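In terms of my numbering, the sequence shown has 137 at position 135, counting the first letter as 1, and numbering is strictly consecutive. Note that beta-carbon positions come from the ideal geometry of N, C-alpha and C, so glycine has one too. Note that this is a predicted model, so its numbers are computed, not measured. Structure first, commentary second.
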Amino acid sequence: EQEEEELFEIDEEPIDFEKLKNEIDYLKRCRDLAKSIPIESKAKALIEAFDNGFVKMKEFGALPKALVFTESRRTQIYLKNYLSQLGINVVTYNGTNNDDDAKEIYRKWLLIHEGTPIVTGNPLIDRKQALLDYFKNNAQVMIATEAGAEGINLQFCSLLINYDLPWNPQRVEQRIGRCHR
């Protein structure tokens with residue numbers, strides 16, 4: 003019991019407000035510096051990989067399709083905005099697939115396939131298929147979270163980039179398996 007009390011003792015040392023203010027100022031400078039970086043070097047390297055990869059794909063007669071895996075939705079959105087500003091047609095694929103672009107792609111897909119057996123009637127399944135079809139037929143790049151690493155066939159895709167690496171190496175293998183069958 004005495005050990006528990008020692009664990010929860012509060013340090014009674016007085017707060018040094020000058021030291022606290024300096025630390026807050028330092029953190030604000032770090033934040034401002036981070037915000038001042040317009041494009042991270044990793045995103046620039048991604049564009050170089052596309053440039054080199056798409057040239058090789060053309061040489062080999064492969065479809066110019068790239069699948070980029072990210073670990074977070076925030077990174078996915080950042081990359082989509084960045085690539086779209088450069089004129090690259092991008093589609094995202096994640097666990098929810100409910101952003102405005104995905105909804106519009108799904109709406110158009112339903113109109114095209116209305117009354118066909120392709121439409122299952124299950125909105126989650128149909129929305130995923132709509133995004134995959136859009137990638138195959140329209141977009142040059144798909145940016146996917148881990149949701150894209152399982153259960154989908156992207157054999158038509160010629161380039162896979164792990165923008166963020168997962169901690170589990172088996173997940174890298176699952177990602178590669180989407181394109182390589």
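- Taking C-beta separations shorter than 6 Å and ignoring five residues to either side along the sequence, residue 87 has no partners in its chain.
- Here residue 95 carries a strand assignment [DSSP, helix/strand/coil].
- Rounded to the nearest whole angstrom, the CA to CA distance from residue 106 to residue 136 is 11 Å.
- Residue 102 and residue 82 have their C-alpha atoms roughly 13 Å apart.
- In this chain, the beta strand (DSSP E) harbouring residue 69 covers 68-71.
- Segment contact: the region 35-53 against the region 127-136, fewer than three CB-CB distances shorter than 8 Å; contact not assigned.
- With a contact defined as Cβ atoms closer than 8 Å, residue 78 and residue 96 qualify at about 6 Å.
- Collapsing the DSSP output to three states places residue 145 in a strand.
- For residue 164, DSSP records a beta bridge to 71.
- When DSSP states are grouped into helix, strand and coil, residue 57 belongs to the helix group.
- For residue 29, the uninterrupted alpha helix (DSSP H) run begins and ends at 19-37, by DSSP.
- In the structure shown, the three-state DSSP call for residue 128 is helix.
- Note that the C-beta distance between residue 163 and residue 45 is not below 7 Å.
- For residue 112, the enclosing alpha helix (DSSP H) begins and ends at 102-115.
- A Cβ-Cβ distance of about 6 Å is found for the pair residue 71 and residue 165, placing them in contact under the 8 Å criterion.
- Residue 121 and residue 127 have their C-alpha atoms roughly 9 Å apart.
- In its chain, beyond the 5 residues on either side, 91, 92, 93 have a beta carbon closer than 7 Å to the beta carbon of residue 141.
- Here residue 146 is buried, its C-beta having at least 16 other C-beta atoms within 10 Å.
- Distance from the CA atom of residue 143 to the CA atom of residue 123, rounded to whole angstroms, is 27 Å.
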